[in-house]
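Chains A and B are the protein sequences, given in the same order. My numbering numbers the first residue of the first sequence as 0 and each following residue consecutively. My numbering numbers the first residue of the second sequence as 0 and each following residue consecutively.
Number of protein chains: 2
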Amino acid sequence: MDKMWNKYDDVSNELKAVVSLMESNIKCKDKKIENSIKELIHSGGKLLRPAFVIISSHFGSYNPKKVIPLAATVEMLHMATLVHDDIIDDAKLRRGQETIQSKYGKDYAVYIGDFLFCVCFKILASSSTLENIKIDSNSMSRICLGEIDQFNSRFDNTLSVKNYLNRISGKTAELFSLSLYVGAAESGCTDALCKRFWHIGHNIGMAFQIIDDILDYTGSNDSIKKSAAVDIKQGIFTLPFIYAARKNKSFFIPYLEKQIFSDEDVMDLMLLVNKYNGVDSAKQLAHKYTEKAFKLINKLPENPYKIVLSEVTQCLLKRTY
Amino acid sequence: MDKMWNKYDDVSNELKAVVSLMESNIKCKDKKIENSIKELIHSGGKLLRPAFVIISSHFGSYNPKKVIPLAATVEMLHMATLVHDDIIDDAKLRRGQETIQSKYGKDYAVYIGDFLFCVCFKILASSSTLENIKIDSNSMSRICLGEIDQFNSRFDNTLSVKNYLNRISGKTAELFSLSLYVGAAESGCTDALCKRFWHIGHNIGMAFQIIDDILDYTGSNDSIKKSAAVDIKQGIFTLPFIYAARKNKSFFIPYLEKQIFSDEDVMDLMLLVNKYNGVDSAKQLAHKYTEKAFKLINKLPENPYKIVLSEVTQCLLKRTY
Numbered sequence: 000m001d002k003m004w005n006k007y008d009d010v011s012n013e014l015k016a017v018v019s020l021m022e023s024n025i026k027c028k029d030k031k032i033e034n035s036i037k038e039l040i041h042s043g044g045k046l047l048r049p050a051f052v053i054i055s056s057h058f059g060s061y062n063p064k065k066v067i068p069l070a071a072t073v074e075m076l077h078m079a080t081l082v083h084d085d086i087i088d089d090a091k092l093r094r095g096q097e098t099i100q101s102k103y104g105k106d107y108a109v110y111i112g113d114f115l116f117c118v119c120f121k122i123l124a125s126s127s128t129l130e131n132i133k134i135d136s137n138s139m140s141r142i143c144l145g146e147i148d149q150f151n152s153r154f155d156n157t158l159s160v161k162n163y164l165n166r167i168s169g170k171t172a173e174l175f176s177l178s179l180y181v182g183a184a185e186s187g188c189t190d191a192l193c194k195r196f197w198h199i200g201h202n203i204g205m206a207f208q209i210i211d212d213i214l215d216y217t218g219s220n221d222s223i224k225k226s227a228a229v230d231i232k233q234g235i236f237t238l239p240f241i242y243a244a245r246k247n248k249s250f251f252i253p254y255l256e257k258q259i260f261s262d263e264d265v266m267d268l269m270l271l272v273n274k275y276n277g278v279d280s281a282k283q284l285a286h287k288y289t290e291k292a293f294k295l296i297n298k299l300p301e302n303p304y305k306i307v308l309s310e311v312t313q314c315l316l317k318r319t320y
Numbered sequence: 000m001d002k003m004w005n006k007y008d009d010v011s012n013e014l015k016a017v018v019s020l021m022e023s024n025i026k027c028k029d030k031k032i033e034n035s036i037k038e039l040i041h042s043g044g045k046l047l048r049p050a051f052v053i054i055s056s057h058f059g060s061y062n063p064k065k066v067i068p069l070a071a072t073v074e075m076l077h078m079a080t081l082v083h084d085d086i087i088d089d090a091k092l093r094r095g096q097e098t099i100q101s102k103y104g105k106d107y108a109v110y111i112g113d114f115l116f117c118v119c120f121k122i123l124a125s126s127s128t129l130e131n132i133k134i135d136s137n138s139m140s141r142i143c144l145g146e147i148d149q150f151n152s153r154f155d156n157t158l159s160v161k162n163y164l165n166r167i168s169g170k171t172a173e174l175f176s177l178s179l180y181v182g183a184a185e186s187g188c189t190d191a192l193c194k195r196f197w198h199i200g201h202n203i204g205m206a207f208q209i210i211d212d213i214l215d216y217t218g219s220n221d222s223i224k225k226s227a228a229v230d231i232k233q234g235i236f237t238l239p240f241i242y243a244a245r246k247n248k249s250f251f252i253p254y255l256e257k258q259i260f261s262d263e264d265v266m267d268l269m270l271l272v273n274k275y276n277g278v279d280s281a282k283q284l285a286h287k288y289t290e291k292a293f294k295l296i297n298k299l300p301e302n303p304y305k306i307v308l309s310e311v312t313q314c315l316l317k318r319t320y
């Protein structure tokens, strides 16, 4: 369990129940499959999304029998998308551990992702409502469409900030929104409160992804920088790149006209992004989303979990970058 | 629409409604995605699974508002697995048309399959019951596990008939069973009748897959033979191969000890399978499943759709092979 939950005994205990529930639902005859998913469950993810379900559900009449399964499903949806994303990115490592696609092959990873989707809907059908399943499957469609959009937008020379924001809205913010929303909805919060949670999730998610994209350029860790290089090579231009390139097209155009970047091109482009303030401009936008998230959190009804949400958001969005 | 439905006006009209419903549910802003799925919908599949839902639902109190969406979801589950299977098989063609993975790339195909899964659960949540969603997601898990099992069993020198039957039970028969079962369940048939439909689907599905695997060895069509060759190269040994190799191990062992087969090896193996009665023995087992299916169909209550099911099964399982 990530140390960020140590301070919060209740959340921490509930997250342990989420992990147990996931483990019991992926049991199957084939121990190789079971173990590969167990590794994924214990690979050191922050369990942010299930924690969000738990936190928002405490604003209504909290029922662990409903909330723990719901929290498990959002984490499993997240895991399924990670497994499939790693296929696309041809990623060798995830959270410092070898990915399923690297360890067992792409073919295996396709089916493990599919299996996780199925288990997720199985849990939902056993413990939730048709309404939640509808919301979950709608969100998941949007996440898939976001991923396809990112794939189709490779080498997008228009460098549109709007398109980038749309993409990360689907790819990252959607699942944050969903988590905070379904927790509140399941525990009978008013529509207005549920919607507020949706917006909080959206703003946290947007800031979180922009910061992630910034860290790719500023992080001291070699593996992080490598990830920015991989993105550029695949033609995925994130916010720092887009901002720098929009303002200084003449430097970027010779590169953008190519569709294949050499390692040297990538190094040049990374230096250009830092030189032309791509990172600083992206930080400003991340800051705007962060402020918006806190403003909305402050408007939540008084509740011990309001402080938890505020502190967790602080911890997530005030990372050094 | 496949010409096998021309004789049955009602089923044919209901299948048209299924196709329309699928089309309206895959609408999205990105026309490339929408069109690639439309191509798949109209690529000449027999629509067997949705037809099975429709047929069995007529044994209870038929409600098109419930049945058409349910029929659409089983076809979409089927389509999702096809798209992902083609990734694994690196298939260039499906039903004579270029596959999504070949046309748009593997990455795109991963997400299109995921999107189809989501749409499928979205339709279920809008029109069905938690019970059906549970049954559907359970079936889907078994299908995924069957696919993973097939993948893990490559180059399986034990040549176990039982393992082969388990694999095709998950990979093919499960969705046939599910289709006949959910149609009956949704229209309020008794548990016993629903279960009978499940068994009918199982036996039809088993016979259907064995016949498919036989046709790979006996078909006159070059593309079919190619598919057997691809299977062998990937180390997927189907029933005709298993029967022939079990009875004549000495001829097969020198090949089975390799894990990489040359084109010449594959040609040799295909000749050996035919020479050593692999096809004949497989035909006998297909015949047993076919007889079982007809026996169970005959026990169904009298109903005009009993004849439809019987004729369709006849048409499917009495193919020249």
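We put the CB at the ideal spot given by N, CA and C, even for glycine.
- Among the bridge pairs identified by DSSP, E97/A is matched with L92/A.
- Contact between S186/B and S42/B is ruled out by a C-beta separation of about 29 Å, above the 8 Å threshold.
- Contact residues of the region 132 to 159 of chain B toward chain A are I132, K133, S136, N137, M139, S140, C143, L144, E146, I147, D148, F150 and N151 (C-beta to C-beta distance below 7 Å).
- If you draw a straight line from the Cα of K287/A to the Cα of Q100/A, it is about 37 Å long.
- Contact between C27/B and A79/B is ruled out by a C-beta separation of about 16 Å, above the 8 Å threshold.
- Contact between the region 276 to 284 of chain A and the region 207 to 218 of chain A is present, with at least three C-beta pairs closer than 8 Å.
- It is roughly 18 Å from the alpha-carbon of N62/B to the alpha-carbon of F196/B.
- Proximity of chain B to K121/A at the Cβ level (cut-off 7 Å) is accounted for by K133, S136, N137 and S140, in chain order.
- In the three-state DSSP reduction, F116/B falls in the helix class (H, G or I).
- A distance below 8 Å separates the beta carbons of H83/A and G112/A.
- Setting aside the 5 residues that flank it on each side, S55/B is surrounded in the same chain by L179, G182, A183 and F196, each with a C-beta closer than 7 Å to its C-beta; the list follows chain order.
- Listed along chain A are S140, C143, L144 and I147, each with a C-beta nearer than 8 Å to that of F114/B.
- Per the C-alpha coordinates, the member of F58/A, A124/A, F51/A and F250/A positioned closest to G204/A is F51/A.
- In this model, D135/A and D1/B are separated by some 35 Å (Cα to Cα).
- The residue among D155/A, T171/A, Y254/A and D106/A with its C-alpha nearest the C-alpha of D148/B is D106/A.
- Look at the beta carbons and you see the region 8 to 18 of chain B not touching the region 143 to 160 of chain B: under three pairs across the two are nearer than 8 Å.
- None of the residues of the region 62 to 78 of chain B has a beta carbon lying less than 8 Å from any beta carbon of chain A.
- Contact with chain B is found for I87/A, since one of that chain's Cβ atoms lies less than 8 Å from the residue's Cβ.
- Taking the CA atoms as reference points, I25/B sits about 10 Å from S140/A.
- Near chain B, meaning a CB-to-CB distance below 9 Å, no residue of the region 258 to 292 of chain A qualifies.
- When only Cα atoms are considered, N5/B and K317/B end up about 19 Å apart.
- Around the C-beta of E263/A, fewer than 16 other C-beta atoms lie within 10 Å, and the residue is accordingly described as exposed.
- No Cβ of chain A is located within less than 8 Å of the beta carbon of K248/B.
- The continuous alpha helix (DSSP H) containing E22/B extends over residues D8 to N24.
- Under the 8 Å criterion on CB atoms, D29/B is classed as interfacial with respect to chain A.
- Each of D85/B, I235/B and S19/B was checked against the Cα of R166/B, and the nearest Cα belongs to I235/B.
- Taking 8 Å as the cut-off between beta carbons, none of the residues of the region 172 to 199 of chain A comes near chain B.
- Shown here for V109/B: same chain residues with a beta carbon closer than 8 Å to its own, the five before and five after excluded, namely H83 and I86 in chain order.
- Proximity of S125/B to chain A, defined by a Cβ-Cβ separation below 8 Å, is satisfied.
- A distance below 8 Å separates the beta carbons of H201/A and A172/A.
- Around V17/B, no beta-carbon contact reaches into chain A at under 9 Å, the shortest distance being about 19 Å.
- Rounded to whole angstroms, the gap between the alpha carbons of Y7/B and S309/B is 13 Å.
- At a beta-carbon threshold of 7 Å, the residues of chain B lying near V109/A are H83, I86, I87 and V109, ordered along the chain.
- For the region 295 to 314 of chain A, no residue has a beta-carbon sitting nearer than 8 Å to a beta-carbon of chain B.
- Distance from the CA of V272/A to the CA of I241/A, rounded to the nearest whole angstrom, comes to 9 Å.
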